[in-house]
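Student:
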Amino acid sequence: MRGPLSKKKSGDSAAPSPEGSWGSIKLLKPYFKRYASRLAGGFFSLVLVDLLQLLIPRVIKYAVDCLQKGRAEPRLLLDCGALIVVMALAIAAFRLIWRHLILGFSRLVETLLRNRMFSHLLGLDKGFFQKNTAGEVMALATNDLSAVQLATGMGIVALFDAVFMGLAAFCFMLYIDPRLTLIAVAPMPALALLTRSLSSRLHGRFKKVQEQFSLLTEFVRSTFSSIRLVKAYNQEDHQGGRFARLGDTYVKNNVRVAVIYGALFPVSGFISNLSMLLVMIFGGRMAIRGKITAGDFVAFISYLFLMTWPMMALGWVADLFQRGITSLSRIEKLMEMKPSLSSRKDAPAVSIDRGEIRAEKLSFTFPGQTAPVLDRLDLDIPAGTLLGIVGRTGAGKTTLCHLLARLFPVSEGSLFFDGLDVNSVSIDSVRNSVAYVPQDVMLFSDTIAFNIAFGAPHSSGDKIERVARAAAIHDEIAAMPLGYETRIGEKGIKLSGGQRQRIAIARALLMDKPVIIIDDGLSAVDMETEHAIIGSIASYLKGRTCIIVSHRIAPVADAHRIVVMENGKIADQGTHSELIARNAFYSNIHRHQTSAPALGAAERGTIDGES
Ligand SMILES: Nc1ncnc2c1ncn2[C@@H]1O[C@H](COP(=O)(O)OP(=O)(O)OP(=O)(O)O)[C@@H](O)[C@H]1O
Ligand SMILES: [Mg+2]
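The sequence shown begins at 4 in this note's numbering and counts up by one.
(1) Would you check if there are 3 or more beta carbon pairs closer than 8 Å linking the segment 268–278 to the segment 300–317?
(2) First and last residue of the alpha helix (DSSP H) that includes K134?
(3) Which residues end up in the neighbourhood of ligand 2 when you take C-beta atoms closer than 7 Å to any of its heavy atoms?
(4) Is any beta-carbon of chain D found at less than 7 Å from that of M530?
(5) Can you list, in chain order, the residues of its chain whose CB lies under 6 Å from that of R186, leaving out five sequence neighbours each side?
(6) According to DSSP, is Y38 helix, strand or coil?
(7) Following the continuous beta strand (DSSP E) through T402, name the residue where it begins and the one where it ends.
(8) If I measure Cβ to Cβ from S598 and keep anything under 7 Å in the same chain, skipping five residues before and after, which residues do I get?
(9) Assign S48 to one of three DSSP states: helix, strand, or coil.
(10) Helix, strand or coil for F175? Go by DSSP, reduced to three states.
(11) Could you tell me whether the segment 215–229 touches the segment 333–350, using the rule of 3 or more Cβ pairs below 8 Å?
(12) At a cut-off of 6 Å, is A511 close to ligand 1 when judged by its beta-carbon and the heavy atoms of the ligand?
(13) Would the C-beta of T373 count as close to ligand 1, meaning under 6 Å from any of its heavy atoms?
(14) Which of the three DSSP states is assigned to T226 in this structure?
(15) Drop a sphere of 10 angstroms on the beta-carbon of S121, count the other beta-carbons inside from all chains shown, and report buried for 16 or more, exposed for fewer.
(16) Express the C-alpha separation of K466 and H579 in angstroms, rounding to a whole number.
(17) For A527, tell me which candidate among A91, L498, D53, D378 has the shortest Cα-Cα distance.
(18) Return the CA-CA distance between Q596 and V393, expressed in angstroms with no decimal places.
(19) Alpha carbon to alpha carbon, how far is C404 from R326? Give it in angstroms, no decimals.
(20) Quick one: what's got a C-beta closer than 7 Å to A316's C-beta in the same chain, skipping five residues either side?
(21) Which one of I105, N426, F411 has the shortest CA to CA distance from S417?
(22) Locate the alpha helix (DSSP H) running through R564, then write down its first and last residues.
(23) I263 lies in the alpha helix (DSSP H); which residues open and close that run?
(24) What does a CB cutoff of less than 8 Å around R607 pick up in its chain, not counting 5 residues either side in sequence?
(25) Go through its chain and collect everything with a Cβ distance to K433's Cβ below 6 Å, but skip five positions before and after it.
(26) For the 8 Å Cβ check, are there 3 or more pairs between the segment 559–570 and the segment 436–448?
(27) Name the residue from S48, I87, P60 whose alpha carbon lies nearest to the alpha carbon of A96.
(28) Tell me whether the segment 459–475 and the segment 504–522 touch, counting them as touching only if at least three CB pairs, one residue from each stretch, are closer than 8 Å.
(29) Take I556 as the anchor and find which of G126, T548, V566 has the nearest alpha-carbon.
(30) Tell me, which residues are paired with C549 by DSSP?
(31) Any heavy atom of ligand 1 within a distance shorter than 6 Å of the CB on K369?
(32) Kindly give me the distance between the Cβ atoms of P441 and D522, rounded to whole angstroms, as I take these residues to be in contact under 8 Å.
(33) In the DSSP output, which residue or residues are listed as bridge partners for G417?
(34) Suppose contacts are defined by Cβ-Cβ distances below 7 Å. Is I295 in contact with D180 by that definition?
(35) Roughly how many angstroms lie between the CA atoms of L582 and F411, to the nearest whole one?
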């Protein structure tokens, strides 16, 4: 799936409109302002380097003229040579300085922009990540940022050199002989035009390289994050083949770029040598006839050399800037994306301590769909209540949890926490009061301790151990050679499904929030462990509002109230015994899960009841 960041769907054509793309430079403005003095120092050194380079031909001219007039003594030639060495040393020193200041600036821009992008991405919601693959985001954070870095570093330097050095060399040449200058620079426009046309072709090809890179990255990510599936379905060769094909296209796209680069330098080298030929023919004749001195002739050739690079660089600069601007527009597009769920500007941050929840005619429809997944749902959960939610798969249980955890916007109906409309307070106010165990457990490729303490990073080892005991996972962790310091691999690949769920529960318990939502958090543990957890977390849940979604009856049987959801509505609610007595769906699943033959099945998984 291609998201808004991908160029094709977003309507970002191969050649973005100049206004649209150059406008994105505003993203860099703060950095230019912040590092203005650093840049000034860098350009001052660059000017000195250029001036010294421009003076060297004058020294050579002086030496050659002295030679020609027979006035040269070894001492004078030695002095000229020594002066050139001193100038070359100064050039090297100032070159080091400008490289440090200007290229260092471009690295700083890259880092700061990357940090900004990362913080911005953290603020975006699920919808964004459903539309944009991780590969696309990775391409932005790597390839696109380096293109911006190149443009703000070498790009600016090359542009400055092209303009300053090119013009200065041109002036020195004019000073020696205007007519010869015009003859010598006659092929130069062809050089600039050629590099320009080649670099515009380069632009389109470069975009294809970037696109392919994001496909490749995404493919690697998705393959390794589903490696168990790949192996279980024996798809290693197939995936390997797909990777090779993606890689082939990536190489082909890169080769198409390299072809242009390959043509660019030899062709421009040829054109600049044409200039040299013209100088040899016409300048040589002028020197022979004494219209210019031999020193002028030598200096002229040196200036021509100095001018050729800026002319060639012009094309290169155009390419660097084009790449940089293309990438910057892509980054800008990302930075302009707003989370679909954000606090009103004036929404205050409040502390929600009691955990009383009330939903009034709460509805939710997924974007682009017509049928609501939650349909005018009324629910009252007094503070400190243990509420169970059961219901057929697809009934809307997880969607309701997402709304309660403020992961989805509340746009139809109302939701109150401690009597406050959630839309009238900041999103963080609600999120800070909720510890949520999602149905699909998310673990980081880090240590077990890190994963448990994710919501409360400064927790002591004792606290971590206590919640791990409550989630009935401590013994298994302690049995591992590295205990809590065990690294669990990508998405917790080294753990069983039940272990992952219990780590997620321990994580939520550690957060010590007034509201705990556990969405099907015990589905992967055996019934014995389930009982152990229910018993041991009871003391943690006391006094808190706890919502437990479950396909099994046992975790909700002792709840103060159990809600039966059906098609986004509350079909029934009551205590366990009330529902057993009057609700067909509930009593059916209860019967299935407690009858002797079904116990084995329930051990293996979940049974949905029939009504
Ligand atoms: N991101 C989404 N976009 C569109 N529809 C969705 C999305 N997520 C869920 N749905 C749909 O919303 C409905 C309710 O899904 P939900 O996940 O809330 O069900 P559930 O009761 O939690 O089911 P289960 O017991 O299987 O976990 C389903 O029909 C599902 O297909
Ligand atoms: Mg669900």
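Beta carbons are placed, not taken as given, at the ideal position from N, Cα and C, and that holds for glycine. Everything numeric in this text was worked out from a predicted model, so none of it was measured.
Tutor: Let me lay it out:
(1) In short, these stretches touch, since the Cβ pair count reaches three.
(2) That run of the alpha helix (DSSP H) goes 129–134.
(3) Selection output, chain order preserved: K400, T401, Q442, D522, D523, V552.
(4) The chain labelled as chain D is not found in the depicted structure, where only one protein chain is given.
(5) The amino acid at residue 186 is misidentified as Arg; the sequence shows Ile. Closer than 6 Å at Cβ, skipping near neighbours: L281, F285.
(6) In the structure shown, Y38 falls within a coil segment according to DSSP collapsed to helix, strand and coil.
(7) That residue, T402, is in no beta strand (DSSP E); its alpha helix (DSSP H) goes 400–407.
(8) Listed in chain order, the non-local C-beta contacts of S598 below 7 Å within the same chain number zero, local neighbours out to five positions each way being set aside.
(9) Correct three-state label for S48: helix.
(10) When secondary structure is reduced to three states using DSSP, F175 falls in the helix class.
(11) The segment 215–229 vs the segment 333–350: no contact.
(12) With a threshold of 6 Å, the Cβ atom of A511 does not count as near ligand 1, since no heavy atom of the ligand is closer than that.
(13) T373: no, Cβ never under 6 Å from ligand 1.
(14) DSSP, reduced to helix, strand and coil, places T226 within a helical segment of the structure shown.
(15) It should be pointed out that residue 121 corresponds to Phe in this sequence rather than to Ser. Classified as exposed, F121 has fewer than 16 neighbouring CB atoms from the shown chains inside 10 Å of its CB.
(16) Taken atom to atom, the span from the alpha-carbon of H579 to that of K466 is near 33 Å.
(17) For the residues A91, L498, D53, D378, the minimum Cα distance to A527 belongs to L498.
(18) If you draw a straight line from the Cα of Q596 to the Cα of V393, it is about 14 Å long.
(19) R326 and C404: Cα-Cα distance of roughly 44 Å.
(20) Close CB contacts of A316 within its chain, under the 7 Å cut and outside five residues either way in sequence, are with A161, D164, A165 (chain order).
(21) Comparing Cα-Cα distances from S417 to each of I105, N426, F411, the minimum goes to N426.
(22) First-last for R564: 564–569, but that is the beta strand (DSSP E), not the alpha helix (DSSP H).
(23) Start and end: 239–281.
(24) Residue placement at R607 is flagged as unreliable, the pLDDT there being 42, under the threshold of 50; the coordinate-derived value follows with that caveat. For R607, where only same-chain residues beyond five positions count, there are no Cβ hits under 8 Å.
(25) Correcting the residue type first, residue 433 is Val in the shown sequence and not Lys. Excluding positions up to five away in sequence, the list reads R409, F420, V425.
(26) Taking a cut-off of 8 Å for Cβ pairs, the segment 559–570 and the segment 436–448 do not touch, as fewer than three such pairs fall below it.
(27) The residue with the shortest Cα to Cα distance from A96 is S48.
(28) Contact holds: three or more Cβ-Cβ distances are below 8 Å.
(29) Out of G126, T548, V566, V566 has the C-alpha closest to the C-alpha of I556.
(30) Its beta-bridge partners are L389, I519.
(31) In the sequence on display, residue 369 carries Phe and not Lys. Yes, Cβ of F369 sits closer than 6 Å to a heavy atom of ligand 1.
(32) Between D522 and P441 the Cβ distance is about 6 Å, and since that is below 8 Å, they are a contact.
(33) A quick correction: the sequence has Ser, not Gly, at residue 417. BP columns for S417 point to E363.
(34) A Cβ-Cβ contact shorter than 7 Å links I295 with D180.
(35) Between L582 and F411, the C-alpha separation is close to 30 Å.
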